Amino acid sequence: HVWRTTKDRARWLGPAAEERAAPDAPAVSPHWRIVRTVGAHEEVLGYVRDAQLALPDVIGRFQPGPAFHDFAETLATIEQTPAESEAHQEALARLEGFQLEDMASGERLPKAAFRIQLRQERVVFRALK
């Protein structure tokens, strides 16, 4: 095989093409935290590390935060019960108000839908319009 590259990244051939299959993919901040503000107090449920875009979602490694032990049972209920069940809905309500915050810019995604997958130790989230 002869490997060729061109200045047009979309037409790269060979190993270079595999490395950068999406040359102009939008970047996403790698570090986030899941936080809610209650009065002057902040509760940090956890952190998202090494977040990467996997359109339409963002996927990252979950790291428990200071408030995690208060909500561990709630998260387990969400993971183990059917979405239409009452227990599932009540557990979701307990997480009401938690937002994703970009740790670089401090910007929050007020309408981000996130799922914490405890068994896989990851967080999947999507910013909703």
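Under my numbering, the first residue of the sequence shown carries the number 12, and numbering increases by one thereafter.
Think of the CB as a built atom: it goes at the ideal place given N, C-alpha and C, for glycine as much as any other residue.
Remember, predicted model here, so these are calculated numbers, not experimental data.
Nearest-angstrom Cβ-Cβ length linking residue i and residue j, presumed shorter than 8 Å
i   : j    : result
F82 : L106 : 7 Å
V55 : W43  : Between W43 and V55 the Cβ distance is about 11 Å, and since that is not below 8 Å, they are no contact.
T85 : A98  : No, T85 and A98 are not in contact; Cβ-Cβ is about 10 Å, not under 8 Å.
G71 : Q63  : 7 Å
Contact check, residue i vs residue j, beta carbons under 9 Å
i   : j    : result
P41 : D61  : yes
F73 : V134 : yes
V46 : R119 : yes
Nearest neighbour of residue i, chosen from the options [CA to CA]
i    : options             : result
F125 : L139, E118 and G117 : L139
H52  : P67, G108 and A104  : G108
A65  : V39, T48 and P77    : V39
G57  : P67, P77 and T48    : P77
Any non-hydrogen atom of the ligand MN closer than 8 Å to residue i Cβ
i   : result
E90 : This structure lacks the ligand MN, and indeed carries no ligand of any kind.
Cutoff 9 Å: residue i Cβ touching any chain C Cβ
i    : result
L103 : Among the chains in the structure shown there is no chain C, since it carries only a single protein chain.
Contact the region 118 to 138 vs the region 70 to 90: 3+ CB pairs below 8 Å: yes
Is the region 93 to 100 close to the region 113 to 122, with three or more CB pairs under 8 Å? no
Ignoring anything shorter than 3 residues, give me the beta strand (DSSP E) runs that lie fully in the region 58 to 106, in order along the chain. 68 to 75
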